[in-house]
Amino acid sequence: MLFIDNQNHYDPRVNLAIEEYVLKHLDINETYLLFYINDPSIIIGRNQNTVEEIHVDYCREHGIHVVRRLSGGGAVYHDRGNLNFSFITKDDGESFLNFRKFTEPVIKALHRLGVHAEMTGRNDIQVGEKKISGNAQFSTKGRMFSHGTLMLDVDLGRVAEALKVKKEKFQSKSTKSVRSRVANISEFLDRKLSVEEFREILLRYIFEEEAEIPQYRLTEADWKIINQISEERYRNWDWNFGHSPKFNVEHSRRFEGAGSIDVRLQVEKGMIEGCTIFGDFFGVKDVREIQDRLTGSRYDREEIVKALEGIDIGEYFGKVSKEEFIDLVY
1 MLFIDNQNHY DPRVNLAIEE YVLKHLDINE TYLLFYINDP SIIIGRNQNT
51 VEEIHVDYCR EHGIHVVRRL SGGGAVYHDR GNLNFSFITK DDGESFLNFR
101 KFTEPVIKAL HRLGVHAEMT GRNDIQVGEK KISGNAQFST KGRMFSHGTL
151 MLDVDLGRVA EALKVKKEKF QSKSTKSVRS RVANISEFLD RKLSVEEFRE
201 ILLRYIFEEE AEIPQYRLTE ADWKIINQIS EERYRNWDWN FGHSPKFNVE
251 HSRRFEGAGS IDVRLQVEKG MIEGCTIFGD FFGVKDVREI QDRLTGSRYD
301 REEIVKALEG IDIGEYFGKV SKEEFIDLVY
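Residue numbering for the sequence shown follows the UniProt record's numbering, beginning at 1 and increasing consecutively.
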């Protein structure tokens, strides 16, 4: 495994571009570890409807970046008290959705710091009842990354102000508020650490105290492509917000172990003229394929079943059966 230094960039639109570049352009047979710290920002899950996940006015007034990432899952708040990690590696067919595999090195490092962290639920790291880390994954063309947050000393007040959190998410977690469910790692440490000190300690522990940590150093040629990715995707309003068409059929449900799926249809004279699927689910395949299959079909259960013939719904949404998905759509 090689460590990649992001050269002290704090702009999420650059850091996400570095991650995408490493995933798609560097040696397919190598595994990389990337750490990055972002300026205040909300990072939106790939399949989410941005305007329904954030308080737009608050973000604008406080200069909070809003950037969509490649991976699924839910929206998260970042600031300079949060350390992000990303393991970028081969997709061997068994690692996608195996969050434990990638969080284990981080959890072991936290244990060495005296933090009694453990993997819980679908993709969280917790200390007791408090969440200190959320994780997400993305896979494409035989490569994948598994990345997560580590809330060392985040402004938790801003988390509640900047994000909208649906009631169903509270109910499914049996909690009353974001503030009551999350905590900073600093609360569990014997001494105060800056995020930079925290980063260096974790790096040493993950690489098992190697005298010299093996690195891949980004070149000028690498940076040229990274900046292009940043400009074309992560600074692009259409990618981060996009245009949401009008819908007249809306069905949503939260599936245990998979997350929320929100299906919106424009139905005209019994025909599905438009389809968009939102949610915080994880899948290997792009849900646009499902949207395209449904668009142009009659809004009829049998026709929907026909439109979805020959596909594995689990590849798009995780632990959801085709019958459950069809029940949601119709």
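We put the beta carbon where it would ideally sit given N, CA and C, even for glycine.
Query raised in the report: Among residues of its own chain, excluding the 5 on either side of LYS130, which ones have a beta-carbon nearer than 6 Å to its beta-carbon?
Result: ALA183
Query - Assigned secondary structure, LYS250 (DSSP; H/G/I helix, E/B strand, else coil) - result: Looking at the sequence shown, residue 250 is not Lys but Glu. Three-state DSSP puts GLU250 in a strand.
Report task. Rounded to whole angstroms, what's the CA-CA distance from TYR216 to LEU113? Just pull it up for me. Result -> 27 Å
Query raised in the report: Taking the C-alpha atoms as reference points, what is the distance between TRP237 and VAL67?
Result: 9 Å
Query raised in the report: Start and end of the beta strand (DSSP E) containing HIS147?
Result: 143–151
Report task. Please say whether PHE145 and ILE88 have beta carbons closer to each other than 8 Å? Result -> yes
Requested in this report: Tell whether a beta-carbon distance below 8 Å holds between GLY134 and GLY157.
Outcome: no
Report task. Within the stretch 228–305, note down every full alpha helix (DSSP H) run reaching 4 residues or more, in order along the chain. Result -> 237–240, 288–294
Requested in this report: Could you name the residues of the same chain whose beta carbon sits closer than 7 Å to that of ILE311, not counting the 5 residues immediately before and after it, in chain order?
Outcome: none
Query - Buried versus exposed, by CB contacts within 10 Å (16 or more), ASP79 - result: buried
Requested in this report: Take TYR21 and list the residues in its own chain whose beta-carbon comes closer than 7 Å to its own, dropping the five residues that flank it on each side.
Outcome: ASP222, ILE225, ILE226, ILE229
**Report entry** Best match in PHE282, GLY314, ILE290 for proximity to GLY72 [C-alpha to C-alpha]
**Finding:** PHE282
Query raised in the report: Roughly how many whole angstroms lie between the Cα atoms of LYS261 and GLU187?
Result: Here residue 261 turns out to be Ile, not Lys, going by the sequence shown. One C-alpha to the other measures close to 34 Å.
Query raised in the report: In angstroms, rounded to a whole number, what distance separates the CA positions of ASN82 and TYR36?
Result: 9 Å
Query raised in the report: Do GLU53 and LEU163 have their CB atoms nearer than 8 Å?
Result: yes
Query raised in the report: How many angstroms separate the CA atom of LEU70 from the CA atom of ARG143?
Result: 13 Å
Requested in this report: Taking VAL76 and ILE43 to be in contact with their CB atoms under 8 Å, please state how far apart those CB atoms are, rounded to whole angstroms.
Outcome: 5 Å
Query raised in the report: Near GLU303, what residues of its chain come up, given a Cβ to Cβ distance below 6 Å and the 5 sequence neighbours on each side ignored?
Result: SER297
Query raised in the report: Beta carbon of VAL305, beta carbon of ILE290: below 8 Å?
Result: no
Query - ARG100 (DSSP reduced to helix, strand or coil) - result: helix
Query raised in the report: With a Cβ-Cβ cutoff of 8 Å, do ALA117 and TYR205 count as a contact?
Result: no
Query raised in the report: What three-state label does DSSP hand GLY81 in the structure shown?
Result: coil
**Report entry** Inter-residue spacing [alpha-carbon to alpha-carbon] between GLU209 and ASP190
**Finding:** 21 Å
Query - Span of the alpha helix (DSSP H) around GLU61 - result: 56–61
Query raised in the report: Mind checking ARG100: buried by the 16 CB within 10 Å criterion, or exposed?
Result: exposed
Query - Whole-angstrom distance between TYR234 and GLU61, CA atom to CA atom - result: 20 Å
**Report entry** Residue closest to SER252, alpha-carbon to alpha-carbon, out of LEU152, GLU232, GLY279, ASN240
**Finding:** GLY279
Query raised in the report: Given PHE96, which residues of its chain have a CB within under 7 Å of its CB, disregarding the five upstream and five downstream residues?
Result: GLN137, SER139, MET144, VAL284
Requested in this report: Using a threshold of 8 Å, state whether the C-beta atoms of LEU193 and LEU152 are closer than that.
Outcome: yes
**Report entry** DSSP three-state assignment for residue 331, whether helix, strand or coil
**Finding:** This structure cannot settle anything about residue 331, because the visible part of the chain is limited to 1 through 330.
Query - C-alpha distance - PRO105 paired with THR295, whole-angstrom precision - result: 43 Å
Report task. Put HIS9 into one of helix, strand or coil per three-state DSSP. Result -> coil
Query raised in the report: Using the rule of at least 16 other Cβ atoms within 10 Å of the residue's Cβ for burial, across every protein chain shown, is PRO214 buried or exposed?
Result: exposed
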